[in-house]
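Quick note on my numbering: the sequence shown kicks off at 686 and runs consecutively.
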Amino acid sequence: MHELSIVSSVLDQLEDLKKQQPEGTVFSKVGLRVGELAGVDVDCLRFGFECVVKDTNWEHLVLEIEQVARRQQCPGCKEEFQAENWATACPKCGEAATITIAGEELQIAYVEVDE
Ligand SMILES: [Zn+2]
């Protein structure tokens, strides 16, 4: 399952981050930024996360998912717009070949530490 490998990669990154923190630091929350083009089923991701962290050191870690809508930018007139229904042509000047500037994210947005 694709989502499980995402979870384990996130936990790997957290392990690395934790090594850079003072001894005894506890992460309480992790925020993931998931673009709509990332091909991730958010419900699956939440479920997979719960399964993976159960009975581990990460059991009390809260997962928050921030979903990012697809945004395009026009190379001609620099208009930025949200691509509704996969319509990616520029609404201002009609340019068809616009650039995706958001929506492909799959990354850790933030980590909260238990004080
Ligand atoms: Zn344009």
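Idealized CB from N, CA, C, for every residue including glycine.
Are the beta-carbon atoms of residue 715 and residue 786 separated by less than 8 Å?
Judged by their CB atoms, residue 715 and residue 786 are not nearer to each other than the 8 Å cut-off.
Have a look at 773, 717, 747 and 750 and flag the residue whose alpha-carbon is nearest the alpha-carbon of residue 756.
773
What does the shell around ligand 1 hold, if a residue joins when its beta-carbon is under 6 Å from any heavy atom?
759, 761, 762, 764, 775, 777, 778 and 780
Taking the C-alpha atoms as reference points, what is the distance between residue 746 and residue 735?
9 Å
Given a threshold of 16 other Cβ atoms within 10 Å of its Cβ, counted over all protein chains shown, does residue 783 qualify as buried or as exposed?
Burial check for residue 783: the Cβ neighbour count within 10 Å reaches 16 or more, so the residue is buried.
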